[in-house]
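S.K.: The structure under discussion is supplied below as structure tokens; questions concerning it will follow.
In our numbering, the protein residues as written are 385 to 1095.
Laid out in structure tokens, this is it:
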């Protein structure tokens, strides 16, 4: 049983009875260790397999655990999810607990009842809104929060609620009433019933505790308060408990999961044995090194238990960081590399493209389709199969009858999507509703890209004319893309969100869209939420066995607003092969800028991020911006952009304006020291900007003056 185990795994397997906490890093063989522990104790006569309850979070993990135990010669161990174990017990004891009454029917989904509950309190909820309300109710019930306690609990937890907390509480209360009236229960009710049966019925408690005497909990960092209470009811004050987890893979706190039970395990269980598994058998040392570099910057409670992994595989290729001008270029490059990998012998099923949100998948679906690379969307529907996208396409086809044909395409698409309740700059709260909004926003982005490539029509024999694309053209393009991407695939490249990728692994992994505002998402407001975003990237990195690609695009669409790389990215060579180059001279200038040391003018720390270097301060240091100057600079930029008929960011980006209003340069040398102001812009705008900094009014520096860009 102990043959082939490393020293740390052996310590976990042979630890004495009692509380044991196995801190298992990604790829360190935790399933092998925990099944070997159960088998070792059973085969040495320390425990009986039929007295063991092993709890996991997925049916797949439970099945794998049972299969491994059977292979080790141990049968009879109950390996189940929390819900499956609770359901089995509730059904068994129902005749006794319900005194002959039939057990209530179990709801497969809350959405239908939540929709009815929302209507009862005067709230109209479409499917996405109902899913968000259902998720909020699930969080509350998993956190042991009652309807009357919801408003306070949501405020304490800094919940991003889909509606006013008081309104959510009303829906919650109406949902509970409807459920009882219809004689049905949900999954949280089932867990609560199992707890109630044990806590309030001594005969049930005696029978359950007599049956199960030794407990194992996998992925313990994902336990929520309700599951923890059920575990404590099963234990009944006993301490033969083995938990396995990794605080650095805590990525589900928005559902109610809490790593605090793992973090506090040694304090809650005095004398507990704590074993750390750090030998990584999944990934190459190069991938492991990058994972360590990312998680080493973590802060907060989970960081106290972070593990520094040690790669055990032979050396492999270095992770690549690629920079692209825009997202279509990024997607096309990813698809081309996937094609090359498949042509080189890597099975398509051993390749994954991972992103932060499902709305990002469309660009990669399109690029892989055009590269003739089969793909499978994990954990979500394909982009054009999503209900909101199908509904939007119907609305856009209908809009061709009411929107004038000469309307600019992006404007026409935004107007057409208003029929399904979508509006720009109005992303709703709530995960499902926000994901729906982002999917429709992706259609607007597609329209902007499509409009940038007008059709060229022949005129006679010697001339040609550009015809602006119309909404009807765009609808045809959407139909073409949908038809291409609806081809069924069985075995292909996995497209998955970082959340749905947890627990999986591939030979080659592409981590894409690693830009500020996407990872971390703009909705991560608190330090705790930002740290969870960092852990998402860590989880993504540790999915790769051998080959890892990280990339981001400087803009969403061609010519779009500039974006910053994710703050979580380590300082790799960011001028790598995927970056757009303008010849050897440009490369040398980029290298000089990157090697120039820039320090925070407030705290003195070395600045690494491009936007931070531009501002001359750390993002966490206080801003000393001159608000009045900033507004004058914005007004001046707006006039210049209007005269030149270009977007405002072409003159100066928002970050450059902020840097000017904070640093208030008084001389040309100070002005050109700000990143984004090169010799050309200095010549165009330098004197004017210095005059504005000195206090000049906008009317004084550009009275009816037209600014022209040099050809």
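Note that beta-carbon positions come from the ideal geometry of N, C-alpha and C, so glycine has one too.
1) Are the CB atoms of residue 588 and residue 477 within a distance shorter than 8 Å?
2) Using only CA atoms, which one of 672, 830, 776, 438 lies nearest to residue 793?
3) Helix, strand or coil for residue 704, going by three-state DSSP, please let me know.
4) Between residue 600 and residue 397, which are expected to be in contact by the criterion C-beta below 8 Å, what is the C-beta distance as a whole number of angstroms?
5) Sort out for me which residues DSSP pairs residue 593 with in a bridge.
6) With DSSP run on the structure shown, which of helix, strand or coil describes residue 902?
7) Would you call the stretch 1009–1029 and the stretch 1037–1045 in contact, with 3 or more CB pairs under 8 Å?
8) Quick one: measure Cβ to Cβ for residue 888 and residue 927, integer angstroms, because I've assumed they're closer than 8 Å.
9) Where do the N-terminal and C-terminal ends of the alpha helix (DSSP H) with residue 578 fall, by residue?
10) With distances taken between CB atoms, is the gap from residue 516 to residue 907 smaller than 8 Å?
11) Since residue 878 sits in a beta bridge, which residues does DSSP pair it with?
12) Alpha carbon to alpha carbon, how far is residue 611 from residue 1032? Give it in angstroms, no decimals.
13) CA-CA distance, residue 645 and residue 804?
14) Considering only the alpha carbon of each residue, which of 552, 935, 470 lies closest to residue 506?
15) Looking at the unbroken alpha helix (DSSP H) that takes in residue 462, where does it start and where does it end?
16) Within 10 Å of its beta-carbon, does residue 512 have 16 or more other beta-carbons around it, so buried, or fewer, so exposed?
17) Which word fits residue 564, buried or exposed, when buried means at least 16 other C-beta atoms lie within 10 angstroms of its C-beta?
18) Strictly by DSSP, which residues pair up with residue 1096?
19) Label residue 1012 either buried or exposed according to how many other C-beta atoms from any shown protein chain fall within 10 Å of its C-beta, with 16 as the threshold for buried.
20) What is the DSSP secondary structure of residue 909, reduced to helix, strand or coil?
21) If you follow the alpha helix (DSSP H) that residue 722 is in, where does it begin and where does it stop?
22) Buried or exposed: where does residue 742 fall if 16 or more other Cβ atoms within 10 Å of its Cβ makes it buried?
23) Flag this pair as touching only if the stretch 729–738 and the stretch 875–882 have three or more C-beta atom pairs under 8 Å; answer yes or no.
24) In chain order, what residues of the same chain lie with their CB nearer than 6 Å to the CB of residue 744, ignoring the 5 residues before and after it?
25) Taking the beta strand (DSSP E) that residue 657 belongs to, which residues open and close that run?
26) Assign residue 935 to one of two classes, buried (16 or more other C-beta atoms within 10 Å of its C-beta) or exposed (fewer than that).
27) Going by alpha carbons, who is nearest to residue 415 out of 401, 444, 402?
28) Please report the Cβ distance between residue 920 and residue 689, rounded to the nearest whole angstrom; I am assuming they are in contact, meaning their Cβ atoms lie under 8 Å.
29) Determine whether the Cβ of residue 772 lies closer than 8 Å to any Cβ atom of chain D.
30) For residue 703, does the count of other Cβ atoms within 10 angstroms reach 16, so buried, or fall short, so exposed?
31) So residue 501 and residue 446 are supposed to be a Cβ contact under 8 Å. How far apart are they, rounded?
32) Would you identify the three-state DSSP class for residue 401, choosing helix, strand or coil?
33) How about residue 1060 and residue 1036: are their beta carbons less than 8 Å apart?
34) Tell me the rounded alpha-carbon separation between residue 388 and residue 449.
35) Any idea what DSSP makes of residue 395, helix, strand or coil?
36) Where does residue 664 sit, in a helix, a strand or coil, going by DSSP?
M.R.: Reading it off the structure:
1) Sequence index remark: in the chain shown, residue 477 carries index 93 (1-based). Sequence index remark: in the chain shown, residue 588 carries index 204 (1-based). Taking 8 Å as the Cβ cut-off, residue 477 and residue 588 qualify as a contacting pair.
2) In the chain shown, the residue the question calls residue 793 occupies position 409. Comparing alpha-carbon positions, the option among 672, 830, 776, 438 lying closest to residue 793 turns out to be 830.
3) The count along the chain shown starts at 1 and reaches residue 704 at position 320. DSSP, reduced to helix, strand and coil, places residue 704 within a strand of the structure shown.
4) Mapped onto the chain shown, residue 600 falls at position 216. Mapped onto the chain shown, residue 397 falls at position 13. That pair is no contact at about 12 Å.
5) Position 209 of the chain shown, counted from the start, is the residue given in the question as residue 593. For residue 593, DSSP assigns no beta-bridge partner whatsoever.
6) The count along the chain shown starts at 1 and reaches residue 902 at position 518. Residue 902 falls in the strand class under three-state DSSP.
7) With a cut-off of 8 Å, the stretch 1037–1045 and the stretch 1009–1029 count as touching, because enough Cβ pairs lie within range.
8) In the chain shown, the residue the question calls residue 888 occupies position 504. In the chain shown, the residue the question calls residue 927 occupies position 543. At roughly 6 Å, the Cβ-Cβ gap stays under 8 Å, so residue 888 and residue 927 are in contact.
9) Counted from its first residue, the chain shown places residue 578 at position 194. Run containing residue 578: 571–584, per the alpha helix (DSSP H) assignment.
10) Taking the chain shown and counting its residues from 1, the one referred to as residue 516 is at position 132. Taking the chain shown and counting its residues from 1, the one referred to as residue 907 is at position 523. No, the pair does not count as a contact, with Cβ atoms beyond the cut-off.
11) Position 494 of the chain shown, counted from the first residue, corresponds to residue 878. Bridge partners of residue 878: 736, 760.
12) Here residue 1032 corresponds to residue number 648 of the chain shown, with the count starting at 1. Here residue 611 corresponds to residue number 227 of the chain shown, with the count starting at 1. Roughly 53 Å between the two C-alpha positions.
13) On the chain shown, residue 645 is found 261 positions in, with the first residue counted as 1. On the chain shown, residue 804 is found 420 positions in, with the first residue counted as 1. Going from the Cα of residue 645 to the Cα of residue 804 covers about 43 Å.
14) Along the chain shown, one-based indexing puts residue 506 at 122. Residue 552 is the option with its Cα nearest to residue 506.
15) In the chain shown, the residue the question calls residue 462 occupies position 78. Here residue 462 belongs to no alpha helix (DSSP H); instead the beta strand (DSSP E) covers 462–465.
16) The residue given as residue 512 occupies position 128 in the chain shown. Answer is buried; the Cβ neighbour count reaches 16.
17) Along the chain shown, read from residue 1 onward, the residue named residue 564 stands at position 180. Counting C-beta atoms within 10 angstroms of its own C-beta, residue 564 has fewer than 16 neighbours from the protein chains shown and is therefore classed as exposed.
18) Because the chain in this structure spans residues 385 to 1095, residue 1096 falls outside the shown range and cannot be described.
19) Taking the chain shown and counting its residues from 1, the one referred to as residue 1012 is at position 628. Exposed is the call here.
20) Mapped onto the chain shown, residue 909 falls at position 525. Of the three classes helix, strand and coil, the one that applies to residue 909 here is coil, per DSSP.
21) Translated into the one-based positions of the chain shown, residue 722 becomes position 338. Run containing residue 722: 711–727, per the alpha helix (DSSP H) assignment.
22) As a working note, residue 742 is residue 358 in the chain shown. Looking at its Cβ environment, which holds 16 or more other Cβ atoms inside 10 Å, residue 742 is buried.
23) When Cβ pairs closer than 8 Å are counted between the two stretches, the stretch 729–738 is seen to touch the stretch 875–882, the count reaching three or more.
24) The count along the chain shown starts at 1 and reaches residue 744 at position 360. Only residues of its own chain outside the window of five on either side were considered, and among them 897 have a CB closer than 6 Å to the CB of residue 744, listed in chain order.
25) The sequence position of residue 657 within the chain shown is 273, counting from 1. Under the DSSP assignment, residue 657 falls in the beta strand (DSSP E) whose first and last residues are 657–661.
26) Taking the chain shown and counting its residues from 1, the one referred to as residue 935 is at position 551. Its Cβ being crowded by 16 or more others within 10 Å, residue 935 is buried.
27) The residue labelled residue 415 in the question sits at position 31 within the chain shown. Among 401, 444, 402, the Cα nearest to that of residue 415 belongs to 444.
28) Taking the first residue of the chain shown as position 1, residue 920 is located at position 536. Taking the first residue of the chain shown as position 1, residue 689 is located at position 305. Approximately 17 Å separates the beta-carbon atoms of residue 920 and residue 689; this is outside 8 Å, ruling out the contact.
29) The chain labelled as chain D is not found in the depicted structure, where only one protein chain is given.
30) Within the chain shown, residue 703 is the residue found at index 319, counting from 1. Residue 703 comes out buried.
31) In the chain shown, the residue the question calls residue 501 occupies position 117. In the chain shown, the residue the question calls residue 446 occupies position 62. Their Cβ separation, rounded to whole angstroms, is 33 Å, which puts residue 501 and residue 446 out of contact at 8 Å.
32) Along the chain shown, one-based indexing puts residue 401 at 17. Correct three-state label for residue 401: coil.
33) Along the chain shown, one-based indexing puts residue 1060 at 676. Along the chain shown, one-based indexing puts residue 1036 at 652. Closer than 8 Å, so yes.
34) Mapped onto the chain shown, residue 388 falls at position 4. Mapped onto the chain shown, residue 449 falls at position 65. Put simply, the backbone Cα of residue 388 is about 18 Å away from that of residue 449.
35) For the purposes of this step, residue 395 is taken as the residue at position 11 of the chain shown. The answer is helix: DSSP assigns residue 395 an H, G or I state.
36) In the chain shown, residue 664 corresponds to position 280, counting from 1. If DSSP states are grouped into helix, strand and coil, residue 664 belongs with the strands.
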